[in-house]
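Input: a single structure, listed below in structure tokens.
Protein chains: 2
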Amino acid sequence: MTKDNSTEQKILEAAEEVFHEKGYDGARMQEIAQHAGINKGLLHYYFQTKDKLFEAIFSVALNRMVSRVHIILETEGTLEEKIDLIIDQYMNIVLKNPSLPRFVITELNKNPDRFIARHINKDAKNAFSAFLISVQKEIDKGTIRQIDARQLLMNMISLIIFPFIGRPIMQVFFGANNEEFKKLLGERREHIKIFIKNAIKK
Amino acid sequence: MTKDNSTEQKILEAAEEVFHEKGYDGARMQEIAQHAGINKGLLHYYFQTKDKLFEAIFSVALNRMVSRVHIILETEGTLEEKIDLIIDQYMNIVLKNPSLPRFVITELNKNPDRFIARHINKDAKNAFSAFLISVQKEIDKGTIRQIDARQLLMNMISLIIFPFIGRPIMQVFFGANNEEFKKLLGERREHIKIFIKNAIKK
DNA sequence: GTCTATATCATGATAGAC
DNA sequence: GTCTATCATGATATAGAC
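Protein chains in written order, with this note's numbering: chain A, 10 to 211; chain B, 10 to 211.
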């Protein structure tokens, strides 16, 4: 590793932290520079504009949010195996990186067209097709009830991700508890698996 | 209505639109003034600071997100009735105001402590207690399986709200379709009711 | 109450020395 | 490559005329 590379790395780590925390509008180049232990001038030397730096961070984050799911959806296996895999692996990602979903979804909403187009590619379509076939197979076998595969996938993603985004609102609903919420999130992995399987079984 | 009131009203409507769309950091006083058909000076005459104007908008939004649910949770009735009521009424709110959940949750996440404390009151605790009792009653009767009431409530809220926040990411997963997504949202009300009831029944 | 003009400040970005 | 100093812009907020 050259020293260039090391500085660039520090910048990327600092930028990720600040952008994830504050979003594009709330992030300050000054703060990113501080976190990286350098000054603004150097920051602009590596990434000319805030926009370019943001793009670097955002594309990694978006990829982290979708690629794993795409791979799993296409994997050979029964529907039940796919469901368990998605829940396990996706939970791992968001537990390790709790601010990721909020960041990606907030920024995606601010500028949907800008990013969606480049990510709706053949991979996405193939992945979903594979999942749809798995679902239809089980319906035909009679092991699960008639259900729209898109709604099912949306339900799974909703149940996994929402608690990480909606945490403060859920705390309002429950009435306080901060420690308990963490415990709930930990128990949630198995809870969701059972919940979904019950919901679809015949 | 006096003329004062009318101008204040115009400001509030404009501010709601801009804040909901762009968030606190992205919103500009200039843009709010334009939308209201006035100038920045007058805007500051009514609401001295951006912060105060934001507070006025945000408190209404947060209230819209939680009060209805609190009321329903406390209403007399069976668990099934409560579930249907929450889904129906909450769906109505977000369908009428699709940007509401995104706005509230994004801002809440940026500054959790600032707002949560004042909303975790006796109402919240009573509401959730009432729901918890309803759930326990059904478990005791043997009509539903053993389940954590907090997880169940979180699941309901997740299934209702997430699609409105996570729409762009779901479009990536599905591979495009914009019109279809609206159709999915419309069909979702009944879908969720069935999904949840199947998930909890014994 | 409403407008125009202006003060003040913070931010993204650049220039230039080392 | 890295730093300091500075520019240019745009945003909140205020002052003052009408």
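Ideal Cβ placement from N, Cα and C applies to all residues, glycine included.
Open item on the list: Report the CB separation of residue 183 of chain B from residue 159 of chain A in whole angstroms; it is logged as a contact under 8 Å.
Closed with: On the second sequence, residue 183 of chain B is found 174 positions in, with the first residue counted as 1. On the first sequence, residue 159 of chain A is found 150 positions in, with the first residue counted as 1. About 6 Å; that satisfies the 8 Å criterion.
- [ ] Tell whether a beta-carbon distance below 9 Å holds between residue 202 of chain B and residue 92 of chain B.
- [x] For this step, residue 202 of chain B is matched to residue 193 along the second sequence. For this step, residue 92 of chain B is matched to residue 83 along the second sequence. Yes, the Cβ-Cβ distance between residue 202 of chain B and residue 92 of chain B is below 9 Å.
Task: Chain-ordered chain B contacts of residue 157 of chain A [CB-CB under 9 Å] - done: Numbered from 1 along the first sequence, position 148 holds the residue referred to as residue 157 of chain A. Within chain B, the residues near residue 157 of chain A are 193, 196 and 200.
Open item on the list: Are the CB atoms of residue 108 of chain B and residue 53 of chain B within a distance shorter than 9 Å?
Closed with: As a working note, residue 53 of chain B is residue 44 in the second sequence. As a working note, residue 108 of chain B is residue 99 in the second sequence. Not closer than 9 Å, so no.
Task: Validate contact between the segment 128-137 of chain B and the segment 175-182 of chain A using beta carbons, cut 8 Å, 3 pairs - done: Counting Cβ pairs under 8 Å, three or more are found: they touch.
Task: residue 202 of chain A, DSSP secondary structure in three states - done: Along the first sequence, one-based indexing puts residue 202 of chain A at 193. It is helical.
Open item on the list: I'd like the ranges of any alpha helix (DSSP H) spanning at least 4 consecutive residues and lying wholly in the segment 39-85 of chain A.
Closed with: 49-55 and 59-83
Open item on the list: Considering only the alpha carbon of each residue, which of A:71, A:58 and A:46 lies closest to residue 123 of chain A?
Closed with: Indexing the first sequence from 1 puts residue 123 of chain A at position 114. Nearest of A:71, A:58 and A:46 to residue 123 of chain A, Cα basis: A:71.
Task: Close Cβ partners of residue 147 of chain B (< 7 Å) along its chain, the five nearest in sequence each way excluded - done: By 1-based counting over the second sequence, the position of residue 147 of chain B is 138. Counting only Cβ-Cβ distances below 7 Å, and skipping sequence neighbours, we find 88 and 153.
TODO: Take the Cβ of residue 104 of chain A as the centre, count every other Cβ of all protein chains shown within 10 Å, and call the residue buried at 16 or more, exposed below.
DONE: Translated into the one-based positions of the first sequence, residue 104 of chain A becomes position 95. Label assigned to residue 104 of chain A: exposed.
- [ ] Under 8 Å Cβ to Cβ from residue 94 of chain A, same chain only, skipping five residues before and after it: list those, please.
- [x] The residue given as residue 94 of chain A occupies position 85 in the first sequence. Same-chain partners within the cutoff: 81, 84 and 86.
Open item on the list: Just to confirm the assignment: which complete alpha helix (DSSP H) runs, minimum length 4, are found wholly within the segment 116-192 of chain B?
Closed with: 121-128, 131-150, 158-174 and 176-183
Open item on the list: So, does the segment 48-68 of chain B touch the segment 52-66 of chain A, judging by three or more C-beta pairs under 8 Å?
Closed with: no
TODO: Output yes or no for whether 9 Å exceeds the beta carbon distance between residue 118 of chain A and residue 111 of chain B.
DONE: Along the first sequence, one-based indexing puts residue 118 of chain A at 109. Along the second sequence, one-based indexing puts residue 111 of chain B at 102. Against a cut-off of 9 Å, the Cβ pair of residue 111 of chain B and residue 118 of chain A comes out as a contact.
- [ ] Run down chain A in chain order and give the residues with a C-beta less than 7 Å from the C-beta of residue 207 of chain B.
- [x] Counted from its first residue, the second sequence places residue 207 of chain B at position 198. Residues of chain A passing the Cβ test: 207 and 208.
Open item on the list: Considering Cα atoms alone, identify which of B:168, B:37 and B:187 is closest to residue 162 of chain A.
Closed with: Taking the first sequence and counting its residues from 1, the one referred to as residue 162 of chain A is at position 153. Closest option to residue 162 of chain A, Cα to Cα, is B:168.
Task: CB of residue 38 of chain A within 9 Å of CB of residue 197 of chain A, strictly - done: Residue 38 of chain A sits at position 29 when you count from the first residue of the first sequence. Residue 197 of chain A sits at position 188 when you count from the first residue of the first sequence. Their beta carbons are not under 9 Å apart, which means residue 38 of chain A does not touch residue 197 of chain A by this criterion.
Open item on the list: Please report the distance separating the alpha-carbon of residue 27 of chain A from that of residue 164 of chain B.
Closed with: Within the first sequence, the letter at position 18 stands for residue 27 of chain A. Within the second sequence, the letter at position 155 stands for residue 164 of chain B. Spanning the two alpha carbons is a distance of roughly 30 Å.
- [ ] Determine the burial state of residue 142 of chain B: buried for a count of at least 16 other Cβ atoms within 10 Å of its Cβ, exposed for fewer.
- [x] The residue you call residue 142 of chain B lines up with position 133 of the second sequence. With fewer than 16 other Cβ atoms within 10 Å, it is exposed.
Task: Cα-Cα separation, residue 144 of chain A to residue 151 of chain B - done: Here residue 144 of chain A corresponds to residue number 135 of the first sequence, with the count starting at 1. Here residue 151 of chain B corresponds to residue number 142 of the second sequence, with the count starting at 1. Looking at the two C-alpha atoms, the distance is approximately 30 Å.
- [ ] Measuring only between beta-carbons, confirm whether residue 100 of chain B sits less than 9 Å from chain A.
- [x] For this step, residue 100 of chain B is matched to residue 91 along the second sequence. With 9 Å as the cut-off, residue 100 of chain B does not count as an interface residue toward chain A.
TODO: Within 10 angstroms of the Cβ of residue 69 of chain A, are there 16 or more other Cβ atoms? Answer buried if so, exposed if not.
DONE: Position 60 of the first sequence, counting from 1, holds the residue named residue 69 of chain A. Answer is exposed; the Cβ neighbour count stays below 16.
Open item on the list: If you follow the alpha helix (DSSP H) that residue 16 of chain B is in, where does it begin and where does it stop?
Closed with: Counted from its first residue, the second sequence places residue 16 of chain B at position 7. Taken as a continuous stretch (DSSP letters only), the alpha helix (DSSP H) holding residue 16 of chain B covers 12-35.
Task: Reduced DSSP category for residue 210 of chain A - H, G, I as helix; E, B as strand; rest coil - done: Here residue 210 of chain A is taken as the residue at index 201 of the first sequence, counted from 1. Of the three classes helix, strand and coil, the one that applies to residue 210 of chain A here is strand, per DSSP.
Task: Cα-Cα separation, residue 79 of chain B to residue 98 of chain A - done: If you number the second sequence from 1, residue 79 of chain B lands on position 70. If you number the first sequence from 1, residue 98 of chain A lands on position 89. Computed Cα separation, rounded: 34 Å.
Task: Three-state secondary structure assigned by DSSP to residue 110 of chain A - done: What you label residue 110 of chain A is simply residue 101 of the first sequence in a count that begins at 1. DSSP places residue 110 of chain A in helix when its eight states are reduced to three.
Open item on the list: Are the CB atoms of residue 156 of chain B and residue 209 of chain B within a distance shorter than 9 Å?
Closed with: Counted from its first residue, the second sequence places residue 209 of chain B at position 200. Counted from its first residue, the second sequence places residue 156 of chain B at position 147. For residue 209 of chain B and residue 156 of chain B, yes; Cβs fall inside 9 Å.
Open item on the list: By the 9 Å beta-carbon criterion, what residues does the segment 157-177 of chain A contribute toward chain B?
Closed with: 157, 159, 160, 161, 162, 163, 164, 166, 167, 168, 169, 170, 171, 172, 174, 175, 176 and 177
Task: Option nearest residue 166 of chain A by Cα separation, candidates A:21, A:205 and A:116 - done: Along the first sequence, one-based indexing puts residue 166 of chain A at 157. The candidate whose alpha carbon is nearest that of residue 166 of chain A is A:205.
Open item on the list: Residues of chain B with CB closer than 9 Å to the CB of residue 53 of chain A, please, in chain order.
Closed with: Working through the first sequence from its first residue, we reach residue 53 of chain A at position 44. Result: empty, since nearest Cβ-Cβ is about 21 Å, beyond 9 Å.
Open item on the list: I want to see whether chain A comes within less than 9 Å of residue 38 of chain B, judged by CB atoms only; does it?
Closed with: Translated into the one-based positions of the second sequence, residue 38 of chain B becomes position 29. By this cut-off, residue 38 of chain B is not an interface position.
Open item on the list: Can you find the residues in the same chain that come closer than 6 Å, C-beta to C-beta, to residue 40 of chain B, ignoring five residues on each side of it along the sequence?
Closed with: Taking the second sequence and counting its residues from 1, one reaches residue 40 of chain B at position 31. The answer, listed in chain order, is 27.
Task: Same chain only: Cβ atoms within 6 Å of residue 12 of chain B, ignoring 5 sequence neighbours per side - done: The residue you call residue 12 of chain B lines up with position 3 of the second sequence. Residue confidence for residue 12 of chain B is low, a pLDDT of 44 falling below 50, so the modelled location carries little weight; the figure read from the coordinates is stated next. Contacts found: none.
Task: Neighbour list for residue 204 of chain A in chain B, Cβ cutoff strictly below 7 Å - done: To locate residue 204 of chain A, count along the first sequence from 1; it is residue 195. Neighbours of residue 204 of chain A on chain B, chain order: 164 and 208.
Task: residue 77 of chain A beta carbon less than 9 Å from that of residue 102 of chain A - done: Numbered from its first residue, the first sequence carries residue 102 of chain A at position 93. Numbered from its first residue, the first sequence carries residue 77 of chain A at position 68. Taking 9 Å as the Cβ cut-off, residue 102 of chain A and residue 77 of chain A qualify as a contacting pair.
TODO: Please name the residues in the segment 90-115 of chain B whose beta-carbon is closer than 9 Å to at least one beta-carbon of chain A, in chain order.
DONE: 108, 110, 111, 113, 114 and 115
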